[in-house]
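One structure is given here, and the rest of the page talks about it.
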Amino acid sequence: MDFLKELGILPQNPGVSTGAAWLPGGGEIVSFSPVDGQQIATVTATDAPAYEAVILTAAKAFEHWRTVPAPQRGEVVRQIGEALREKKQALGRLVSFEMGKSLQEGLGEVQEMIDICDFAVGLSRQLYGLTMHSERPQHRMYEQWHPLGIVGIISAFNFPVAVWSWNAMLAMVCGNVCVWKPSEKTPLSAVACQHIIAGVLQRNNVPEGVSCLINGGAETGRLLAADERVPLVSATGSTVMGRAVGITVAGRFGRSLLELGGNNAIIVSKNADLDMALIGSVFGAAGTAGQRCTTTRRLIIHEDVYDRFRDKLVHAYGQLRIGNPLDEANHVGPLIDKAAVDTYLRAIAACREQGGRFLVEGGVLEGQGYESGCYVKPCIAEVQPQFPVVQTETFAPILYLMKYSTLEEAVAMQNDVPQGLSSAIMTMDLREAEYFLSAAGSDCGIANVNIGTSGAEIGGAFGGEKETGGGRESGSDAWKAYMRRQTNTINYGTRLPLAQGIQFNL
Ligand code: NAD
Numbered sequence: 000m001d002f003l004k005e006l007g008i009l010p011q012n013p014g015v016s017t018g019a020a021w022l023p024g025g026g027e028i029v030s031f032s033p034v035d036g037q038q039i040a041t042v043t044a045t046d047a048p049a050y051e052a053v054i055l056t057a058a059k060a061f062e063h064w065r066t067v068p069a070p071q072r073g074e075v076v077r078q079i080g081e082a083l084r085e086k087k088q089a090l091g092r093l094v095s096f097e098m099g100k101s102l103q104e105g106l107g108e109v110q111e112m113i114d115i116c117d118f119a120v121g122l123s124r125q126l127y128g129l130t131m132h133s134e135r136p137q138h139r140m141y142e143q144w145h146p147l148g149i150v151g152i153i154s155a156f157n158f159p160v161a162v163w164s165w166n167a168m169l170a171m172v173c174g175n176v177c178v179w180k181p182s183e184k185t186p187l188s189a190v191a192c193q194h195i196i197a198g199v200l201q202r203n204n205v206p207e208g209v210s211c212l213i214n215g216g217a218e219t220g221r222l223l224a225a226d227e228r229v230p231l232v233s234a235t236g237s238t239v240m241g242r243a244v245g246i247t248v249a250g251r252f253g254r255s256l257l258e259l260g261g262n263n264a265i266i267v268s269k270n271a272d273l274d275m276a277l278i279g280s281v282f283g284a285a286g287t288a289g290q291r292c293t294t295t296r297r298l299i300i301h302e303d304v305y306d307r308f309r310d311k312l313v314h315a316y317g318q319l320r321i322g323n324p325l326d327e328a329n330h331v332g333p334l335i336d337k338a339a340v341d342t343y344l345r346a347i348a349a350c351r352e353q354g355g356r357f358l359v360e361g362g363v364l365e366g367q368g369y370e371s372g373c374y375v376k377p378c379i380a381e382v383q384p385q386f387p388v389v390q391t392e393t394f395a396p397i398l399y400l401m402k403y404s405t406l407e408e409a410v411a412m413q414n415d416v417p418q419g420l421s422s423a424i425m426t427m428d429l430r431e432a433e434y435f436l437s438a439a440g441s442d443c444g445i446a447n448v449n450i451g452t453s454g455a456e457i458g459g460a461f462g463g464e465k466e467t468g469g470g471r472e473s474g475s476d477a478w479k480a481y482m483r484r485q486t487n488t489i490n491y492g493t494r495l496p497l498a499q500g501i502q503f504n505l
């Protein structure tokens with residue numbers, strides 16, 4: 000495992016950092032690989048004194064960082080992108096090994112980090128505000144965007160590094176400082192990122208505190224959520240977590256950016272290219288072992304093509320190779336841990352109890368290559384849309400099939416879940432596609448035509464509605480979430496006219 004050495008990962012790693020410096024912490028987090036079930040290394044957790052030291056250092060750093068011109072901040076981010084390019088292979092391997100996603104996806108995740116760095120560099124010269132015409136003579140009115148301060152970033156295990164970079168690179172060019180709390184299930188990938196950026200920060204004389212790392216579980220995330228010195232908490236994870244964080248942050252009038260669970264569906268029309276629909280559905284449902292927020296969990300299939308498409312799916316599932324994700328011949332790797340396996344088994348049992356009929360059976364794999372106990376079979380069940388299990392996100396490769404007869408019915412089914420992240424329609428019919436994308440169509444943050452639900456490009460704003468939390472990250476104008484808008488009116492005349500023509504004579 001040379002990649003660990005190349006990334007500076009030791010058997011025991013410090014887990015609290017303010018940039019280049021590492022601080023003592025308390026307690027220990029053990030990172031196990033779901034690939035083979037073995038312990039990879041440990042990371043020190045963040046105790047209360049370490050947390051306090053990080054926040055004080057970050058607050059001090061903000062006083063300087065906000066005064067650095069945005070394009071110069073962009074130059075630092077450009078160099079972070081270069082450093083990531085150099086370590087892409089090693090970091091991609093670690094992500095794959097620690098999280099259990101395929102090597103291609105591990106490398107793809109690092110590529111996303113590089114891409115968001117490039118995006119953020121361009122953005123550093125484009126943090127535009129509008130100029131408005133004042134109703135008063137000899138007045139000028141415009142708006143400008145200022146940084147917020149400390150941005151807390153809480154991330155989930157399934158994208159151990161990319162989600163941090165989506166937030167941190169944008170937040171940093173906007174003039175904020177960041178405190179990252181990664182998932183306690185993937186702490187080493189975060190430690191590796193901190194090592195990669197440390198040299199860049201030092202070479203550019205960036206003060207300690209601009210990009211910080213704290214490690215720990217929910218209790219460490221709660222510190223960020225409750226801390227009035229943290230004006231924005233960007234939290235990615237389950238709806239349960241988002242509800243807790245959102246309420247706490249709102250209670251202190253802070254801002255939260257929530258990226259929570261999805262329950263994503265593809266509508267397969269009778270006018271679909273079924274071969275294309277098949278690839279989108281199988282990759283979307285079984286890829287990453289069903290552990291993407293955008294994983295396809297539901298297929299809503301037109302009655303005219305239902306039997307044909309169902310049979311194609313069942314056949315395709317028979318071809319899936321499950322095993323070590325670092326072996327490129329395998330399509331499906333492990334779930335993150337045994338707790339996730341239990342959740343998968345419980346969902347299968349619940350589905351059966353609620354009346355679901357399995358076309359492809361699930362189960363846990365045993366024997367050589369499956370010693371971690373985390374490898375499960377992707378499965379398919381025929382269900383009714385209102386089953387409680389169908390309304391819930393189970394973070395595992397379970398695909399639910401439903402039948403429809405009219406497009407209106409299909410869209411209603413697709414929308415009738417508490418989550419609203421990603422959605423898709425497979426159709427060659429323009430009317431169907433446009434209806435799906437219209438205001439009467441999909442209610443999700445992401446709606447695709449002839450593309451599956453899974454995966455997204457960094458150029459678009461990423462996020463979803465309803466229980467998915469409403470946040471938007473990454474491309475488009477998502478940067479505005481990391482800044483505060485200020486409206487400025489300047490009077491360059493010799494009188495003080497009031498707005499709305501109000502007279503106030505002394
Ligand atoms: P999780 O909610 O268990 O944990 C996510 C993060 O939140 C971790 O860092 C965890 O320590 C922290 N946390 C947990 N409870 C907390 C609390 N009360 N206060 C503060 N922090 C807390 O999620 P997970 O199992 O790591 O990830 C899977 C979930 O994440 C799925 O629901 C998936 O859909 C979602 N997800 C969403 C997106 C998105 O962009 N919408 C992206 C990735 C993952």
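Numbering of the sequence shown is given in numbering that gives the first Met the number 0, commencing with residue 0 and proceeding in unit increments.
Every residue, glycine too, gets a C-beta built ideally from N, C-alpha and C.
DSSP on residue i, reduced to helix/strand/coil?
| i | result |
| --- | --- |
| VAL375 | strand |
| ALA20 | coil |
| VAL416 | coil |
| GLU381 | strand |
| PHE461 | strand |
| GLY25 | coil |
| VAL388 | coil |
| VAL304 | coil |
| SER95 | helix |
| LEU6 | coil |
| MET401 | strand |
| ALA271 | coil |
Take residue i and list the residues in its own chain whose beta-carbon comes closer than 6 Å to its own, dropping the five residues that flank it on each side.
| i | result |
| --- | --- |
| TYR491 | GLN137 |
| ALA236 | What sits at residue 236 in the sequence shown is Gly, not Ala. Result list for GLY236: ALA155, in chain order. |
| GLN11 | THR41 |
| PHE61 | GLY148 and VAL176 |
| GLY361 | ILE347, LYS376 and CYS378 |
| GLU183 | ILE28 and GLY216 |
| PRO181 | SER154 and ALA189 |
| ALA477 | ALA460 and ARG471 |
| THR486 | GLU142 |
| THR45 | VAL15, GLY24, ILE213, ASN214, GLY215 and THR219 |
With respect to 7 Å, is the separation between the Cβ of residue i and the closest non-hydrogen atom of the ligand NAD below this value?
| i | result |
| --- | --- |
| LEU259 | yes |
| LEU510 | Residue 510 lies beyond the stretch modelled for the chain, which goes from 0 to 505, so this question has no answer here. |
| PRO181 | yes |
| SER237 | yes |
| SER441 | no |
| ILE528 | Outside the modelled stretch of the chain, which goes from 0 to 505, sits residue 528, for which no answer is possible. |
| ARG494 | no |
| MET240 | yes |
| ARG221 | yes |
| VAL160 | no |
| PHE461 | yes |
| LEU505 | no |
| THR467 | yes |
| ASN157 | yes |
| GLU108 | no |
| PHE357 | no |
| VAL244 | yes |
| ALA234 | yes |
| LEU420 | yes |
| GLY361 | no |
| ALA217 | yes |
| PHE61 | no |
Can you give the beta carbon distance from residue i to residue j, rounded, assuming they're within the 8 Å contact cut?
| i | j | result |
| --- | --- | --- |
| VAL331 | SER188 | At roughly 20 Å, the Cβ-Cβ gap does not stay under 8 Å, so VAL331 and SER188 are not in contact. |
| PHE308 | GLY451 | Rounded, the Cβ-Cβ distance is 14 Å, inconsistent with contact. |
| GLN290 | ILE335 | 7 Å |
| THR17 | CYS292 | Incorrect: roughly 30 Å between the Cβ atoms, too far for contact. |
| VAL199 | GLY73 | Not a contact, Cβ separation roughly 13 Å. |
Might you give, ordered along the chain, the residues of its own chain that have their beta carbon closer than 7 Å to the beta carbon of residue i, omitting 5 neighbours on each side?
| i | result |
| --- | --- |
| SER32 | ILE39, PHE96 and GLU97 |
| MET412 | ILE299, PRO384, MET401 and TYR403 |
| LEU319 | ALA285, HIS330, VAL331 and PRO377 |
| SER280 | ILE265, THR295, LEU298, LEU312 and GLY451 |
| LYS59 | GLY208 |
| ALA328 | ARG320 |
| PRO186 | GLY14, ILE28, SER30, VAL42 and ASN214 |
Any heavy atom of the ligand SAH closer than 7 Å to the CB of residue i?
| i | result |
| --- | --- |
| ALA40 | Looking for the ligand SAH in the displayed structure turns up nothing; the ligands present are the ligand NAD. |
Using a C-beta cutoff of 8 Å, does residue i count as contacting chain D?
| i | result |
| --- | --- |
| ASP428 | Looking for chain D here will not work: only one protein chain is present. |
Please go through the stretch 328 to 374 and give each complete beta strand (DSSP E) segment of 3 or more residues, from N-terminal end onward.
-> 356 to 359
Hey, which unbroken runs of the beta strand (DSSP E) at 3 residues or more fall wholly within the stretch 12 to 84?
-> 27 to 31 and 38 to 43
Unbroken stretches of the beta strand (DSSP E), 3 residues or longer, contained in the stretch 132 to 218 = 138 to 146, 149 to 153, 176 to 180 and 210 to 212
In chain order, which continuous runs of the alpha helix (DSSP H) of length 4 or greater are located wholly inside the stretch 220 to 251?
-> 238 to 250
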